[in-house]
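Undergrad: Per the working numbering, residue 2 is the first one in the sequence shown, and the count goes up by one each step. For reference, the structure I am asking about is given below.
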Amino acid sequence: MIIRKATANDIPQMLELLWQLFSIEKDFEPNPVKQFQGLALLLASPNATAFVAECDEQVVGMCTVQILVSTAVGKVVGAVEDVVVNQHHRNEGIGSALLQTLEDWAAEQNLARLQLQADKHNAAALEFYARHGWTTTQLTGLWKAVSKEC
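Shown next, in the form of structure tokens:
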């Protein structure tokens, strides 16, 4: 397995992974057109990056991160999204390797912390993050659509 920065050529395989992720998260639904647009925007952004895990020339895992300014800590932080490993490759250390890559990248970028949101009903994901030193907060995620296209 190798972990590397994602490129536009990886988007088709990344879409398959997002399909798996959004099929289990209650707040989202798989939509290849929207997810393609999102990945293209993310890969083009100077304040974001994506990593993929590759086995035998197949993308089997991915994660994305975007840099934000936190007024709470007075520094830049990383908002992690889309941590997903192909269902046929789970429990092989791929997710752990992706998280370590994110942490290494965050340190190189001088980010103060990484943060993410996980589906509160996804016990396996919550246990995974806890095993890797992530802690829950007292915050509740909220959102409001401001575009009819959302």
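Where is the CB? At the ideal position from N, CA and C, for every residue including glycine.
(1) If you draw a straight line from the alpha carbon of valine 78 to that of glutamine 21, how long is it in whole angstroms?
(2) Thinking C-alpha only, which one of Arg91, Gln139, Trp135 is nearest cysteine 56?
(3) Out of curiosity, what's the CA-to-CA distance linking leucine 140 and aspartate 120?
(4) At the level of alpha carbons, what is the spacing between glycine 96 and alanine 41?
(5) Sort out for me which residues DSSP pairs threonine 138 with in a bridge.
(6) Between which two residues does the alpha helix (DSSP H) containing alanine 80 stretch?
(7) Within 10 angstroms of its Cβ, does methionine 2 collect 16 or more other Cβ (buried), or is it exposed?
TA: Looking at the coordinates:
(1) 27 Å
(2) Restricting attention to Arg91, Gln139, Trp135, the CA atom closest to the CA of cysteine 56 is found in Arg91.
(3) 13 Å
(4) 23 Å
(5) According to DSSP, which records beta bridges pairwise, threonine 138 is partnered with nothing at all.
(6) Unbroken run through alanine 80 is the beta strand (DSSP E), 76-86; no alpha helix (DSSP H).
(7) exposed
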